[in-house]
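All residue numbers for the sequence shown refer to this note's numbering, where the first residue is 166 and numbers rise by one.
See below for the structure under consideration.
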Amino acid sequence: MAEKDNTWQAALAAIDLSSIDALRKLKQEHDQLDGRVRSMEEMKAGFSEAVYQRVREDYLQRLRGLDDKAAPMKQSAREQYAQLRTLLGRLEGEHEAAKLDQQELELRHQLGEFDDKEFQRLMKTVEVTVRERAEARARALELKTRFLDAFSSESELDSTAVASDAATTRGAVLTPADLAAAEARTHEVAKVLAERAPHKTQVMSAINIPDAAPPPRAALEGATKVFSAARLVPQNPEAGQQSFTLSLKPMSIGADAGNDIRIAGPGVDAKHAQITVSMGGFTIVDLGSKHGTRVNAEKVRERPLANEDVVQIGAARFVFREG
C-alpha cells in the first residue's frame with residue numbers, strides 16, 4: 166500500500182510548476198492594465214481625444230506584449246495541467262473505489278460473512294487506503310488551485326486550447342488530430358498508474374478511470390449526435406461474469422427470473438431497478454427496493470448514468486461503459 170502511495174506522490178511531484186508563479190505575476194499586471202483601459206471609458210469626456218487614444222494605445226500595446234510573453238508559458242502550463250487532470254481523475258476513481266470497498270465489507274459483515282475481529286482487521290486496511298487516497302486527492306486539488314490562479318478561467322487551461330493556439334499561430338484549421346496530439350501527453354503519467362496491486366476486498370481496483378479524450382470528429386464538424394450503445398460490465402463475483410448490452414428498450418434488474426438482468430443474492434429485490442434511455446442518455450431508476458440502488462456509492466432514486474459510473478445492487482457491482 167505504501168508503494169502505491171509513493172507512486173501517487175511521485176506522480177504529483179513530477180508536475181512542473183515552474184511557469185505558474187511567473188504567469189501569476191503576468192496575470193496580475195495584465196488585470197491591472199485591463200482595468201485601466203476599462204476605467205478610461207468613464208474618464209474619456211474629461212480629456213482630449215488625442216490624449217485618450219495615446220494612453221489607450223500604450224496600454225493596449227503593453228497588454229499585447231504581456232500576452233506574447235505569457236503564450237509559451239501558458240502552453241507549458243496547459244500541458245502540465247492535462248497531466249494533473251488525468252491524475253486527479255484516477256485519484257478520485259480510486260478514492261471512490263476504496264469507499265465502495267468499505268460499504269462492501271459492512272454489507273458482508275452484516276450478512277455474517279465476517280466475525281467482528283476479521284471485520285475490524287479488513288476495515289482497518291481499507292480505511293488506510295481511503296485516507297491515503299484522500300490525502301493524495303487533496304494535494305492534487307491544491308495543485309489545481311495553483312494552476313487556476315494563473316489563468317482567467319479553467320476553460321482557458323483546457324488542453325484543447327493548446328491545439329487551438331497552435332492552429333491559430335500557424336494559420337491552420339483546427340483538426341481532430343490537433344486535439345488528439347494535445348491530449349496524448351496525458352498518457353505518460355497514466356502508464357505509471359495503469360496497474361494496482363490486487364487486494365482481497367478491492368474489486369474496484371479493476372476499474373480504470375479513462376483519460377480525457379478529444380472531442381469526436383462529428384462534434385467538430387457540427388454533426389448531430391446519434392444514439393450510442395452501452396454496457397453493464399461486472400466487477401465482482403456477485404455480479405457474475407456476463408456483460409449486459411443496454412438497448413433502446415427499458416432493461417429491468419432484479420432477482421426475479423423474468424428480469425432482463427437477473428441478480429441473485431441478499432439485498433436484491435425481485436423487481437429492483439430499471440435502466441431507461443432517452444435523448445439525454447441512459448438513466449437508472451430504483452423501483453422502491455428495500456436496500457436501495459447505489460451509483461458511485463451514493464444511494465439514488467433516479468440518476469443519469471455517465472461513462473465509468475459504478476452501479477451497485479445488493480453486493481453486485483457493475484461499471485456502466487458507453488460505446
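Built from N, CA and C at the ideal position, the CB exists for glycine as well.
A quick note: this is a predicted structure, and the numbers were derived from the prediction, not measured.
Contact check between the stretch 254-268 and the stretch 282-302: three or more CB pairs, one atom from each, fall below 8 Å, which counts as touching. The alpha-carbon of Y224 is positioned some 24 Å away from that of I185.
Annotated three-state conformation of R466 is coil, per DSSP.
In this structure, the alpha-carbon of M444 lies about 37 Å from that of Q240. The beta-carbon separation of N472 and R486, rounded to 6 Å, stays under the 8 Å limit for a contact. If you look at E259, you'll find it in the alpha helix (DSSP H) that goes E214 to Q275. Taken through DSSP and simplified to helix, strand or coil, D181 comes out as coil. Bounds of any alpha helix (DSSP H) do not take in L397; it lies within the beta strand (DSSP E) bounded by A395 to P399. The beta carbon of R304 is closer than 7 Å to those of L177 in its chain, skipping five residues each way along the sequence. Taking C-beta separations shorter than 6 Å and ignoring five residues to either side along the sequence, the partners of F409 in its chain run L397 and I426, following chain order.
DSSP links A438 through a beta bridge to I418 and D451. When Cβ pairs closer than 8 Å are counted between the two stretches, the stretch 229-246 is seen to touch the stretch 186-206, the count reaching three or more. Using a 10 angstroms sphere on the CB of Q218, the tally of other CB atoms stays under 16, which defines it as exposed.
Taking the Cβ atoms as the reference, A301 lies roughly 5 Å from L256, within the contact range of under 8 Å. For E292, no beta strand (DSSP E) segment is defined; the enclosing uninterrupted segment is the alpha helix (DSSP H) at D281 to D314.
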